[in-house]
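Have a look at the structure below, then the notes.
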Amino acid sequence: MRIDIITVLPELLKSPFEASILKRAIQKELVEVHFHNLRDYTNKSYNQVDDYQFGGGAGMVLMIEPIDKCISALKSEREYDEIIYMTPDGETLNQQMANKISLQENLLILCGHYKGVDQRVRDMFITKEISIGDYVLSGGELGAAILCDTIIRLIPGVLSNETSALTDTFQDNLLAPPIYTRPAEYKGQKVPEILLSGNFPKIEEWRENEAYKRTEKLRPDLLE
Ligand code: ADE
Numbered sequence: 101m102r103i104d105i106i107t108v109l110p111e112l113l114k115s116p117f118e119a120s121i122l123k124r125a126i127q128k129e130l131v132e133v134h135f136h137n138l139r140d141y142t143n144k145s146y147n148q149v150d151d152y153q154f155g156g157g158a159g160m161v162l163m164i165e166p167i168d169k170c171i172s173a174l175k176s177e178r179e180y181d182e183i184i185y186m187t188p189d190g191e192t193l194n195q196q197m198a199n200k201i202s203l204q205e206n207l208l209i210l211c212g213h214y215k216g217v218d219q220r221v222r223d224m225f226i227t228k229e230i231s232i233g234d235y236v237l238s239g240g241e242l243g244a245a246i247l248c249d250t251i252i253r254l255i256p257g258v259l260s261n262e263t264s265a266l267t268d269t270f271q272d273n274l275l276a277p278p279i280y281t282r283p284a285e286y287k288g289q290k291v292p293e294i295l296l297s298g299n300f301p302k303i304e305e306w307r308e309n310e311a312y313k314r315t316e317k318l319r320p321d322l323l324e
């Protein structure tokens, strides 16, 4: 998979890709991530990429011209499966959406900033608009990092134990069951006996049951 990200603040976006699972996925060449600074695509003075809203109102708007130049340059080099705009009024990200996007080859992600982008950018270039939740961030960068994290970990070979993403919370619309590691007893708190039994069919049954109980208690909406 290749991901291109267009942003006015690449420095805000880079560090999640320089540690842990995402770093390893890049090193293993399972994913390529490229950052494009929108300011490199403007010919205005002071690298201006934003301007006041027509009609008045608070907040600056990212202009169409530098975005057009950047997207057009990238599109001339490869075809994108999706051109995604990170925005609080997009479709809310969930595991199902992440699963689907993780199957794509080439993704282009545009991060909004200030009030957002000129509507014509959305009309002309964007194929998918994604929100990471019903709250407003100061820009799309942190949302883009979250989107990338959730899809990159689903690429086969990224997680060392491939079944591990399949047993994640939400993968079957259930929360994950409780998990334990050594010691088997800590300050009087014991690990459930069944997990030490070696009886794997019974353990599986226990986990399914616990997952269901936990979902019913914490997220009954997932069972509807
Ligand atoms: N940009 C600002 N708020 C956002 C959100 N909730 N999701 C994605 N991008 C955003």
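Residues 101 to 324 (our numbering) make up the sequence shown, in order. Positions of the beta carbon are idealized from the N, C-alpha and C atoms, including for glycine. If you're wondering where the values come from, they're calculated on a predicted model, not measured in any experiment.
Looking at residue i: is its Cβ nearer than 8 angstroms to the Cβ of residue j?
i	j	result
I105	L112	no
K302	I294	yes
I246	I232	yes
I184	I230	yes
V133	I103	yes
L207	D181	yes
I121	V221	no
Answer yes or no: the CB of residue i versus the heavy atoms of ligand 1, is any distance below 7 angstroms?
i	result
I232	yes
L266	no
L323	no
M224	no
Y235	yes
P188	yes
G240	yes
G212	yes
G87	Only positions 101 to 324 of the chain appear in this structure, which leaves residue 87 out of reach.
Could you check if residue i is buried or exposed, using at least 16 other CB atoms within 10 Å of its CB as the buried criterion?
i	result
A173	exposed
V236	exposed
E241	buried
M224	exposed
Can you name, in chain order, every residue of its own chain whose Cβ lies under 7 angstroms from the Cβ of residue i, other than the five neighbours on each side?
i	result
N160	Sequence check: residue 160 is Met here, not Asn. Closer than 7 angstroms at Cβ, skipping near neighbours: D150, D151, Y152, Y214 and K215.
A276	T267, D268, T269 and A311
M163	V149, D150, D151 and D218
Consider the C-beta atom of residue i and the heavy atoms of ligand 3; say whether any pair is separated by less than 7 angstroms.
i	result
G159	For the structure depicted, ligand 3 is absent and the ligand set comprises only ligand 1.
Apart from the five residues just before and just after residue i, which ones in its own chain have a Cβ nearer than 8 angstroms to its Cβ?
i	result
Y280	V291, P292 and L295
- Any chance you could list the alpha helix (DSSP H) runs of at least 4 consecutive residues sitting entirely within the segment 156-188, in chain order? If we require 4 residues or more, the alpha helix (DSSP H) runs fully inside the segment 156-188 come out as 164-175.
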